[in-house]
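Heads up: the sequence shown begins at 1102 in our numbering, then just goes up one per residue. To start, the structure under review is shown below, and the notes come after it.
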Amino acid sequence: MKVKRLAFSTIILTYILIVFGGYVASSESGMGCGPEWPLCNGLVIPVLEGDTLIEFTHRAIGAVLGVMTAILYFIIQKSNQVRELDKASKVLMLLLIIQILLGAAVVWLDLPAVIVSVHLMVAMVFLAALIWIWRRADEQPWVKTRREQGVQNNIKAVLLLLFVTLFLGAYTKHESFGLACSWLECTNGFMPVFFSEMIQTGHRLLAGVLALYIFFLTYLSFKNRWEAGLQNRLMGASLLVLGQIIIGFLTIISYIEISWAVLHLAFGTALFAIVCEAGVFASYSCRVKRMGGRAVILITDNNNTQKRQSGDMPFLFCFSLFLQIFFSNFTSDFCVS
Ligand code: HEM
1102 MKVKRLAFST IILTYILIVF GGYVASSESG MGCGPEWPLC NGLVIPVLEG
1152 DTLIEFTHRA IGAVLGVMTA ILYFIIQKSN QVRELDKASK VLMLLLIIQI
1202 LLGAAVVWLD LPAVIVSVHL MVAMVFLAAL IWIWRRADEQ PWVKTRREQG
1252 VQNNIKAVLL LLFVTLFLGA YTKHESFGLA CSWLECTNGF MPVFFSEMIQ
1302 TGHRLLAGVL ALYIFFLTYL SFKNRWEAGL QNRLMGASLL VLGQIIIGFL
1352 TIISYIEISW AVLHLAFGTA LFAIVCEAGV FASYSCRVKR MGGRAVILIT
1402 DNNNTQKRQS GDMPFLFCFS LFLQIFFSNF TSDFCVS
């Protein structure tokens, strides 16, 4: 339980750090400490004002995240967890080291677009690893059963598409291609001509394909009566991708106003998190019975004994779903029908 709670707190802090990183870039504060790392303007603690305050806060949150990740790693190593969890914690530490080095390279090399974009993508993989650890750190691990392989493959395909969309978005931002085309047309009509237009249009096009894919999977999940937990997650992803597209339009229409740009990253990261979590969820079994209006979840543990957990039926609506998914680790799981 300790691992699960710590993993969950680390997920929240990672999310905050990613979104704050977007604010650092949007406010053009990335060089607020000068081209230096680990020092900031030649000092351990610099004069905290303007860009320096913003960049230093980002580094400070990163340092706290580093400590939390190291603690999580040592707790997992010491607590004789299942082999997969042990491996995942090693991958997490490796990602942390890569991310620290990339962060340093970003400032030493004066924010090259490719490295800043890779820095964001490693942060996403780090978040995915944490979500995996969080979901797998149950006191009673669920037994894997045969599930439709197709569902899992579809979620993997969504993740891949989302990953490329995120990368193109980050590259668009850091190369300042955001206004290369309007939300609909480029300078010479619908077809992009210049490299900047191709990247920006590629980002919008992939976002459209991604949204249609997620909507279609959500529709299928209801039509073919997939597990309710999966339906909830796909519904959450649909709402987030819809919100993300609207915010994408607003980002362009507002000539890349900071608040819309940061919200765009916040929604994109939340979308990535919910799809990752759905992927982990889809690989486990969960059987549910109802008793007197309450949902009773039957979990099969390693010894094949059934344990019961109960919880109120969740009322699914917009963001309550998203909050529910993230806060459910403190109560029971929520694959209710
Ligand atoms: C639906 C999936 C979408 C995802 C996952 C996504 C993701 C992202 C990400 C991660 C960034 C970089 C943000 C940062 O590093 O701070 C970005 C930038 C951007 N996105 Fe999207 N996006 C999506 C849809 C759209 C759509 C539909 C549009 C336009 C109609 C759009 C327009 C933009 C623009 C203009 C930027 C650059 C913003 C800037 O310069 O600050 N995006 N996107």
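We treat Cβ as the ideally placed atom computed from N, Cα and C, and that holds for glycine.
Taking all protein chains in view, the Cβ of Thr1288 is surrounded by fewer than 16 other Cβ atoms within 10 Å, so the residue is classified as exposed. Contact between Ala1189 and Trp1138 is absent: CB atoms are separated by about 28 Å, not below the 8 Å threshold. By DSSP's assignment, Cys1141 forms a beta bridge with Leu1144.
Here Phe1121 has Thr1158, His1159 and Ile1162 as same chain residues with Cβ atoms under 8 Å from its own Cβ, once five neighbours each way along the sequence are excluded. Our two residues, Trp1284 and Lys1324, have alpha carbons roughly 33 Å apart in a direct line.
Cβ contact annotation for Gly1303 (same chain, cutoff 7 Å, sequence separation greater than five): Leu1269, in chain order.
DSSP places Phe1296 in the uninterrupted alpha helix (DSSP H) bounded by Phe1296 to Lys1324. Trp1284 has its Cβ nearer than 6 Å to a heavy atom of the ligand HEM.
Rounded to the nearest whole angstrom, the CA to CA distance from Tyr1174 to Ile1354 is 44 Å.
When the beta-carbon positions are compared, Leu1166 and Leu1221 stay at least 7 Å from each other. Taking the C-beta atoms as reference points, Phe1316 is found no nearer than 7 Å to Gln1301. Nearest neighbour of Ile1359 by Cα position, chosen from Met1225, Ala1224 and Lys1274, turns out to be Lys1274. At a threshold of 6 Å, Ile1357 counts as near the ligand HEM, since its beta carbon sits closer than that to one of the ligand's heavy atoms.
With contacts defined by Cβ atoms closer than 7 Å, Ala1230 and Leu1193 form a contacting pair.
Annotated three-state conformation of Cys1282 is coil, per DSSP. If the five residues before and after Ser1339 are omitted, its C-beta is found closer than 6 Å to the C-beta atoms of Ile1315, Phe1316 and Thr1319, all from its own chain and listed in chain order. Put simply, the stretch 1206–1214 does not touch the stretch 1142–1149. Fewer than three CB pairs are less than 8 Å apart. Taking non-hydrogen atoms of the ligand HEM into account, the C-beta of Leu1335 is found less than 6 Å away from none of them. Contact annotation, Phe1373 with Leu1228: C-beta distance approximately 7 Å; criterion of less than 8 Å satisfied. Proximity of the beta carbon of Thr1352 to the ligand HEM is indicated: a heavy atom of the ligand is located closer than 6 Å. Under the criterion of beta carbons closer than 8 Å, Glu1378 and Ile1232 qualify as touching, at roughly 5 Å. Looking at the DSSP output, Gly1290 shares a beta bridge with Cys1287. The three-state reading of DSSP puts Ala1238 in coil, since its state is none of H, G, I, E or B.
The C-beta of Pro1136 has fewer than 16 other C-beta atoms within 10 Å across all chains shown, which makes the residue exposed. Cβ atoms of Ala1308 and Thr1266 come within 8 Å of each other, at about 6 Å. With respect to the 7 Å criterion, Glu1150 and Cys1134 are not classified as neighbours on the basis of their beta carbons.
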